[in-house]
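Counted the way this note's numbering counts, the sequence shown spans residues 76 to 447. Cβ coordinates follow ideal geometry from the N, Cα and C atoms, glycine included. Just so we're clear, the structure is a prediction, and the values are computed from it rather than from any experiment. Below is one structure; the comments refer to it alone.
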Amino acid sequence: MLLLLCCAGLAQAAVPALVRSVGVQGKSADGKPVPTGDIVMPLVQAGDPVLSAKINDKLFLSRFGVLAPKQAGKAVGAADGIVLDGIATQSFKVGRNDGRILTVAFDSEFCAAYCESSQAYYSFDMASGRSLQAEDLFTAAGMRELARQMRKQRLAIYRGETAKQKASLDALRKQKNASKDDLDDLEQRVALNSDCADAENQRATQSDADLLAAFRSYQLEAAAQKYTIYSSGCSSHAERALDDVGSVKLAISYAELSPQLSGYGKALLLGTGPVPAGGGYFGQVLHGSLGTMAVTMMLDKDDDGGVHGTYFYDKFRQPIALDGAERDGKLVLNERSGDKVSATLQLGWSEPAHALQGRWAGKKELDVSVAP
Numbered sequence: 076m077l078l079l080l081c082c083a084g085l086a087q088a089a090v091p092a093l094v095r096s097v098g099v100q101g102k103s104a105d106g107k108p109v110p111t112g113d114i115v116m117p118l119v120q121a122g123d124p125v126l127s128a129k130i131n132d133k134l135f136l137s138r139f140g141v142l143a144p145k146q147a148g149k150a151v152g153a154a155d156g157i158v159l160d161g162i163a164t165q166s167f168k169v170g171r172n173d174g175r176i177l178t179v180a181f182d183s184e185f186c187a188a189y190c191e192s193s194q195a196y197y198s199f200d201m202a203s204g205r206s207l208q209a210e211d212l213f214t215a216a217g218m219r220e221l222a223r224q225m226r227k228q229r230l231a232i233y234r235g236e237t238a239k240q241k242a243s244l245d246a247l248r249k250q251k252n253a254s255k256d257d258l259d260d261l262e263q264r265v266a267l268n269s270d271c272a273d274a275e276n277q278r279a280t281q282s283d284a285d286l287l288a289a290f291r292s293y294q295l296e297a298a299a300q301k302y303t304i305y306s307s308g309c310s311s312h313a314e315r316a317l318d319d320v321g322s323v324k325l326a327i328s329y330a331e332l333s334p335q336l337s338g339y340g341k342a343l344l345l346g347t348g349p350v351p352a353g354g355g356y357f358g359q360v361l362h363g364s365l366g367t368m369a370v371t372m373m374l375d376k377d378d379d380g381g382v383h384g385t386y387f388y389d390k391f392r393q394p395i396a397l398d399g400a401e402r403d404g405k406l407v408l409n410e411r412s413g414d415k416v417s418a419t420l421q422l423g424w425s426e427p428a429h430a431l432q433g434r435w436a437g438k439k440e441l442d443v444s445v446a447p
């Protein structure tokens with residue numbers, strides 16, 4: 076299937092990308108082959124092969140922890156390093172593709188002890204191939220304000236749902252033939268939504284750090300008409316059947332979003348002028364060298380300051396896991412062999428080089444330089 080979608084954008088910066096659907100082959104949790112078409116991935120062709128590869132690598136790294144295949148046929152699978160690891164189904168939709176921004180939304184089901192669905196959103200600056208991260212688009216004050224708006228949205232929704240379920244419960248209690256099971260069900264729904272509303276109300280005095288942490292937990296979608304922010308549901312898995320709210324959505328027009336945006340965010344999302352180069356490196360596909368070998372790397376930062384990621388020697392394309400921390404703008408990352416640290420990377424951002432640079436220390440020491 077070939078998707079060619081052109082949504083109305085703020086500016087037609089380029090031709091929309093071609094997005095092809097490729098099947099993913101593998102075995103499900105019960106050891107049986109996954110039916111054809113149950114798991115699919117997008118493969119983006121954006122004119123510039125380097126830009127296309129950056130986008131495809133980001134998507135494949137995020138979904139499966141591997142680099143995108145250099146030449147994909149109708150399907151990808153174990154030969155490309157893909158392990159399904161509990162993924163039962165996966166589909167995607169292209170929500171925006173106007174040559175300026177590409178947005179891909181995934182809908183997946185994961186099965187282990189139980190099955191659970193999830194959604195994920197990825198947006199890209201089509202001039203550079205950068206993955207749009209919150210820190211790129213928003214000021215710190217903007218992220219905090221949007222977290223406050225999301226809290227108010229969640230509080231209003233849970234209060235409204237509580238009132239709705241209470242009304243249903245009151246009406247049911249007036250019925251002479253009301254079953255105990257139905258009454259118990261509604262009582263549990265009232266209790267769940269009331270507890271969720273109370274939890275949001277208690278967050279009214281969140282610290283700046285807590286607001287930023289909350290915002291970074293949201294899913295972000297740069298849709299065509301509005302910027303959409305998703306926060307996860309309040310219920311635990313055991314309560315999921317009682318949760319009539321689920322994920323909470325906050326959709327904001329781009330004009331209303333303007334005060335919260337960085338200079339880069341305003342230029343890209345509002346078309347206020349030439350789009351400057353993006354800043355951060357977390358969440359980006361990084362290319363460069365380790366010693367004399369070409370490498371590809373992606374790093375993500377955890378809420379607690381920890382850093383995890385993966386890098387590949389481009390020649391061998393095998394993932395090598397990294398873990399560590401960021402301290403005072405410097406990264407210290409460990410490469411492990413079993414439980415032991417086999418090598419350490421110490422990296423810092425060089426503004427003149429616009430790259431992460433430093434040293435890899437294992438059996439010997441080598442220079443490292445990777446850039447978004």
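Who does residue 421 pair with in a DSSP beta bridge?
Residue 421 pairs with 407, 434.
Would you identify the three-state DSSP class for residue 114, choosing helix, strand or coil?
Three-state result, residue 114: strand.
Would you kindly work out how many angstroms separate the C-alpha atoms of residue 282 and residue 288, rounded to a whole number? The alpha-carbon separation between residue 282 and residue 288 amounts to approximately 10 Å.
Figure out for me which residue from 390, 381, 396 has the closest Cα to the Cα of residue 406. From the listed residues 390, 381, 396, the smallest Cα separation to residue 406 is found for 381.
Check your understanding: Buried or exposed: residue 237, going by 16 or more other Cβ atoms within 10 Å of its Cβ?
Key -> It counts as buried.
Residue 208: first and last residue of the uninterrupted alpha helix (DSSP H) it sits in: Counting along the chain, residue 208 sits inside no alpha helix (DSSP H), nor does DSSP assign it H or E at all.
What does DSSP give as the partner residues of residue 172 in its beta bridges? Note: residue 172 sits in a beta bridge opposite 177.
Nearest residue (CA-CA) to residue 118, options 108, 134, 375, 152
Comparing Cα-Cα distances from residue 118 to each of 108, 134, 375, 152, the minimum goes to 134.
Next on the checklist: Between the alpha carbons of residue 129 and residue 201, how many angstroms are there, rounded?
Outcome noted: Whole-angstrom Cα-Cα distance: 11 Å.
Review point. Using the rule of at least 16 other Cβ atoms within 10 Å of the residue's Cβ for burial, across every protein chain shown, is residue 248 buried or exposed?
Key: So residue 248 counts as exposed.
Within 10 angstroms of the Cβ of residue 272, are there 16 or more other Cβ atoms? Answer buried if so, exposed if not. Taking all protein chains in view, the Cβ of residue 272 is crowded by 16 or more other Cβ atoms within 10 Å, so the residue is classified as buried.
Note to self: Across the region 251-260 and the region 295-308, are there enough close Cβ pairs to call them in contact, namely three or more that are closer than 8 Å?
What the structure shows: Contact between the region 251-260 and the region 295-308 is absent, because fewer than three Cβ pairs lie under 8 Å.
| For residue 280, the three-state DSSP class (helix, strand or coil) | If DSSP states are grouped into helix, strand and coil, residue 280 belongs with the helices.
- Query: Once you ignore the five residues that flank residue 147 on each side, which residues in its own chain have a CB closer than 7 Å to its CB?
  - Reply: 97, 118.
Open item on the list: What residue range does the alpha helix (DSSP H) around residue 231 cover?
Closed with: Per DSSP, residue 231 belongs to the alpha helix (DSSP H) from 215-248.
Around the Cβ of residue 316, are there at least 16 other Cβ atoms within 10 angstroms (buried) or fewer (exposed)?
A residue is called buried once 16 or more other Cβ atoms fall within 10 Å of its Cβ, and residue 316, having fewer, is exposed.
Notebook entry, point to check: Roughly how many angstroms lie between the CA atoms of residue 340 and residue 214, to the nearest whole one?
Noted result: When rounded, the distance between both Cα atoms is 9 Å.
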